[in-house]
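Add 997 to a position in the sequence shown, counting from 1, and you land on the number used in my numbering. We put the beta carbon where it would ideally sit given N, CA and C, even for glycine. The structure displayed is predicted, hence computed values, not measured ones. In what follows, a structure is listed as structure tokens, so that the remarks can point back to it.
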Amino acid sequence: MHKMHKRFERYALFSEVAKQLSFSKAADNLGISRSYLSSQIHQLEQELEASLLIRSTRSVRLTSAGQKILDKMQGINASILQLEKELEHTKSEVSGVLKITAPTIFSHRFLITICQEFQRQHPNIEFDLDIGYTREDLTKSHFDLAFRATTTPPENMIAKKLMSYQHICCASPDYLIRYGHPTHPEQLSAHNCLSDPHLTQWSFFDGDRSIQIETDGDMFINDNLLLLEAARKGKGVIKMPCYLVQPALDKGELVQILENYFITQSAIYMIYPPQLRQSTKLSAFTEFVQHWFANR
998 MHKMHKRFER YALFSEVAKQ LSFSKAADNL GISRSYLSSQ IHQLEQELEA
1048 SLLIRSTRSV RLTSAGQKIL DKMQGINASI LQLEKELEHT KSEVSGVLKI
1098 TAPTIFSHRF LITICQEFQR QHPNIEFDLD IGYTREDLTK SHFDLAFRAT
1148 TTPPENMIAK KLMSYQHICC ASPDYLIRYG HPTHPEQLSA HNCLSDPHLT
1198 QWSFFDGDRS IQIETDGDMF INDNLLLLEA ARKGKGVIKM PCYLVQPALD
1248 KGELVQILEN YFITQSAIYM IYPPQLRQST KLSAFTEFVQ HWFANR
């Protein structure tokens, strides 16, 4: 049994080296010395009577045997992670940590408020939030739940639609007074359009055909909140999800333009693994979120 335990430890150490393709990075991630790591991998190769890595002074590559072990270990690691998540969710009370991944725009607009209001009802709940645009695979990551902007939620997950939304174009009243109010997407070529540097092509639909416009502007920003702030200060025209700009529209800080032209529609879904459907804390939170959006 002891030998099997040590063998599994070596497989785990090897999988980290295989992922990083670097002994130094793997040792840092594992919190062990590089010499100990190297000795364990060498021992594993001796036990298996197979070469797992091709080492040079500058790089590390996997042999075919090494690749097979990495593939199997990834599956084993995912299974262990799933088991730990399921065990964590067997508690009967609404307590513990909920680990959530969510897109940045949605999080800034809604998520903090949702979490705060839920904690008022359930003070023993803690949240571990990961905010960004990486679409985490919930079968392989430590997250319990994800909010996702999509029209096609993953079929292997429980998916609850929270709301539909579309992108709209808007600008500040001062900007429109100075530069005019465009009435057709093609007129955007004469306007300062603010966007992410990789999202300069804007799509519209007039009911009959799609209209593609290559926009231009003197400021590119890869952060939607900064783009929103720039538009509020009269810098130019933006295209953003309606739910993000709605507060500025309500205050009169921004004005919607090109209202007669439809822009991409999507939806926000809440998704989680079916294995966690019996989780007390997750069920309480998902019900709360659904009611929260239904009553808005």
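Collapsing the DSSP output to three states places V1091 in coil. Ranked by Cα distance from I1265, the first of R1145, A1168, T1283 and Q1243 is R1145. Around the beta carbon of H1039, fewer than 16 other beta carbons sit within 10 angstroms, so the residue counts as exposed. At the C-beta level, F1005 and Q1037 stay beyond 9 Å of one another. Here V1234 is buried. Its C-beta has 16 or more other C-beta atoms within 10 Å. Per the C-alpha coordinates, the member of V1014, A1245, M1267 and G1214 positioned closest to A1187 is G1214.
Residue state for S1138 is assigned as coil, using DSSP reduced to three classes.
Counting the other Cβ atoms within 10 Å of the Cβ of Y1172 gives 16 or more, which makes it buried.
Sorting E1226, N1257, H1288 and G1129 by C-alpha distance to the C-alpha of F1202 places N1257 at the top. A contact is defined here as three or more CB-CB pairs under 8 Å, and the region 1149-1162 meets this definition with respect to the region 1270-1287. Contact annotation: E1133 and F1140 have beta-carbon atoms nearer than 9 Å. DSSP, read as helix, strand or coil, puts S1169 in coil.
Beyond the five residues adjoining it in sequence on each side, I1208 comes within less than 8 Å, by CB distance, of P1182, E1183, S1200, F1201, F1202 and Y1258 in the same chain, given in chain order. Rounded to the nearest angstrom, the gap between the Cα atoms of N1026 and D1127 is 20 Å. In the displayed model, E1250 falls within coil according to three-state DSSP, outside both helix and strand.
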